[in-house]
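Each residue of the sequence shown is one higher than the one before, counting from 0 in numbering that gives the first Met the number 0.
Here a beta-carbon is modelled for each residue, glycine too, at the ideal position from N, C-alpha and C.
Model, not experiment: these values are computed from the prediction.
Everything on this sheet refers to the single structure shown next.
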Amino acid sequence: MIEDKCLTQDLKKELKEKVESRNYKEALKYSKKMLEYIEKDDLTHEEAEWLGRDTVSNFRDYVNPGFVEYRKCVTEGGQFAAVEWKDSGLNTFKDASGKEYIDCLGGFGIFNVGHSNPKVKKAVKDQLKRQALHTQDLLDPLRGVLAKLLSDITPGKLQYSFIGNSGTEAVEAGLKLAKIYGQEKGKFTIIAAVGGFHGKSMGSLSATAKDIFRKPFMPLVSGYRHVPYGDADCLYKTVKSCEMVGEGVAAVILEPIQGEGGIIMPPAGYFKRVREICDEFGALLIADEVQTGMGRTGKMFCMEHYGVEPDIMCLAKALGGGIMPIGAVIAKKEIFSKFFPNPFIHTTTFGGNPLSCAAAIATINVLLEEKLPERAAEIGDYFLKNLKKVCYKYDNLVEEVRGIGLMLGIEFYSNEIGYEVSKELFAGGILVAGTLINAKTIRIEPPLTIEKGQCDTVVEVLDKALAEVSSKFK
0 MIEDKCLTQD
10 LKKELKEKVE
20 SRNYKEALKY
30 SKKMLEYIEK
40 DDLTHEEAEW
50 LGRDTVSNFR
60 DYVNPGFVEY
70 RKCVTEGGQF
80 AAVEWKDSGL
90 NTFKDASGKE
100 YIDCLGGFGI
110 FNVGHSNPKV
120 KKAVKDQLKR
130 QALHTQDLLD
140 PLRGVLAKLL
150 SDITPGKLQY
160 SFIGNSGTEA
170 VEAGLKLAKI
180 YGQEKGKFTI
190 IAAVGGFHGK
200 SMGSLSATAK
210 DIFRKPFMPL
220 VSGYRHVPYG
230 DADCLYKTVK
240 SCEMVGEGVA
250 AVILEPIQGE
260 GGIIMPPAGY
270 FKRVREICDE
280 FGALLIADEV
290 QTGMGRTGKM
300 FCMEHYGVEP
310 DIMCLAKALG
320 GGIMPIGAVI
330 AKKEIFSKFF
340 PNPFIHTTTF
350 GGNPLSCAAA
360 IATINVLLEE
370 KLPERAAEIG
380 DYFLKNLKKV
390 CYKYDNLVEE
400 VRGIGLMLGI
410 EFYSNEIGYE
420 VSKELFAGGI
430 LVAGTLINAK
440 TIRIEPPLTI
450 EKGQCDTVVE
460 VLDKALAEVS
470 SKFK
């Protein structure tokens, strides 16, 4: 506590005014009201209306007013918003007013095993009865179990894992592994792809390609280069040039399919050639499977489609089963061993906590037991075929429909068209969204548990939405 004699009169006055301005009584009343709302399954019409107004006000005044302008769920004038309230099935959710939506956004790819999957939820509840967080000093068993499972299900010789809280953290850990592994050989350059998205912390943002995310924070971390995605010749020339000028390449980081880039598929044979280039020059291959992993593309991991083994793989999003946040980076022993001498060289307080690990263990169990990757391949083929059938009737709007498994995208001729179609779908009870790098493309990433009948409903609503938008863009 600061002794009174150390304070000037002005500082005493400022502190007194700050304390007096705090409204603990109002905070206590407000928090109590919200805890009562949280306890409810359903809200009355009046409660839902109040919550909508309150949410808009809170975002405008305390979160970020930009979200009020951006969200298609906010009414014109920004007075009211559809407020997400509860899950209503594996593939659906309801807003506070009780309107149900088919989720074709999937939380940007987190709900692979569905909303509130009962097995994942039970695992978290069971763990919560026993212990929520660990003390940090003793060995925690679930982290070890999850690391072993990841070694069991990932391709090739990937073995050791660092467990964090998000995809960005997984990428940061992967980049640090590549740096520490390459430094003895004088390799420190990281090559990423144009259109790629790897996160927004300073290291991961340096690999991310979108200028509007990068420019405000420049200069970023040094030693990063970007090459066109899918152009193996350009990658080869860049790696070779770096080596020739003494800027050896530690790693090439790529998404197996560019998610935020607009569901961009690589050309045939691309990743096999990337692997050859990395091997020729002694660079590591980092596969960012944060969005493509955990069964999304019809294989447990997208790199399996290409028959290529990465040296480092980054995972997150669906790993937590749509219940808990968790991320992981897994690497070959020879690479991860650089962390062995000092296990505290890269750590996290909350990463690998028992609740998140319980969720991830249950998620892996569900994916394997219910064969959800195989299901994603089957339902994805059906869905893609029907999406194409409808979309190509509107060739004045739609440029291309593409994807694999249940990672699908519809690219329009302009951002405006994509946004209008998204709004029409939302009004029809279907949630989709654009991608952060390529706003012309809306992603279709439902839970892998989506039923064929629900796919049919999405296609029907899309047909009506495209007809409505088509009349505006003649």
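A Cβ-Cβ separation of about 5 Å places isoleucine 325 in contact with alanine 359 under the 8 Å criterion. The criterion of a C-beta distance shorter than 8 Å is not satisfied by glycine 408 and glycine 198.
Under the DSSP assignment, glutamine 135 falls outside any beta strand (DSSP E); it carries neither an H nor an E label. From the listed residues Ser115, Phe107, Cys390, Glu68, the smallest Cα separation to aspartate 86 is found for Ser115. Using a Cβ distance threshold of 8 Å, cysteine 390 and arginine 142 do not count as a contacting pair.
If you compare the alpha carbons of Arg295, Cys301, Ala249 with that of glutamate 279, the shortest gap goes to Ala249.
DSSP places cysteine 454 within a helical segment (H, G or I) once states are collapsed to three. With respect to the 8 Å criterion, leucine 366 and valine 468 are not classified as neighbours on the basis of their beta carbons.
In this structure, Ala206 is the residue among Gln158, Val193, Ala206, Gly417 with its C-alpha nearest to the C-alpha of lysine 175.
For arginine 224, the enclosing beta strand (DSSP E) has its first and last residue at 223-227.
When DSSP states are grouped into helix, strand and coil, glycine 166 belongs to the helix group. In the three-state reduction of the DSSP assignment, cysteine 313 falls in the strand class. The shortest C-alpha to C-alpha distance from phenylalanine 187 to any of Phe92, Gly281, Tyr23, Glu450 is the one to Gly281.
Here the stretch 435-445 makes contact with the stretch 253-270; the two share three or more CB pairs at distances below 8 Å. DSSP places arginine 374 inside the alpha helix (DSSP H), whose first and last residues are 371-390. Methionine 299 counts as buried, since at least 16 other C-beta atoms from the protein chains shown sit within 10 angstroms of its C-beta. Cα atoms of glycine 379 and glycine 88: separation of roughly 20 Å, rounded to the nearest angstrom. In the structure shown, glutamine 8 falls within a helical segment according to DSSP collapsed to helix, strand and coil.
The beta carbon of leucine 371 is closer than 6 Å to those of Gly294, Leu447 in its chain, skipping five residues each way along the sequence. The secondary-structure analysis by DSSP pairs phenylalanine 110 with nothing; it has no beta-bridge partner.
DSSP places glutamine 158 in the strand class (E or B) of the three-state scheme. Taking one beta carbon from each stretch, the stretch 157-169 and the stretch 330-347 have 3 or more pairs nearer than 8 Å; the two touch. Nearest neighbour of serine 203 by Cα position, chosen from Ile211, Met33, Gly173, turns out to be Gly173.
Per the C-alpha coordinates, the member of Tyr418, Ala317, Glu369 positioned closest to proline 445 is Ala317. Secondary structure at valine 251: strand, using DSSP grouped into helix, strand and coil.
Residue ranges of uninterrupted beta strand (DSSP E) with 3 or more members, entirely inside the stretch 289-376 and ordered along the chain, are 311-314, 326-331. Distance from the Cα of isoleucine 37 is smallest, within the candidate group Ser165, Leu253, Leu50, for Leu50.
Annotation for arginine 272: Ala231 place their beta carbon closer than 7 Å to its own, counting only its chain and skipping 5 residues before and after.
The Cβ atoms of methionine 201 and valine 220 lie closer than 8 Å to each other. In the DSSP annotation of this structure, the continuous segment of the alpha helix (DSSP H) that includes isoleucine 416 starts and ends at 414-426.
Residue nearest to proline 154 within the set Thr348, Lys384, Gly306 is Gly306 (criterion: CA-CA distance). Isoleucine 101 is classed as buried because its beta carbon has at least 16 other beta carbons within 10 Å across all chains shown. By the neighbour-count criterion, in which 16 or more other beta carbons inside 10 Å mark a residue as buried, proline 309 falls on the buried side. For phenylalanine 187, the secondary structure class from DSSP, reduced to helix, strand or coil, is strand.
Between the beta-carbon of proline 340 and that of glutamine 126 there is about 32 Å, and that puts the pair past the 8 Å contact cut.
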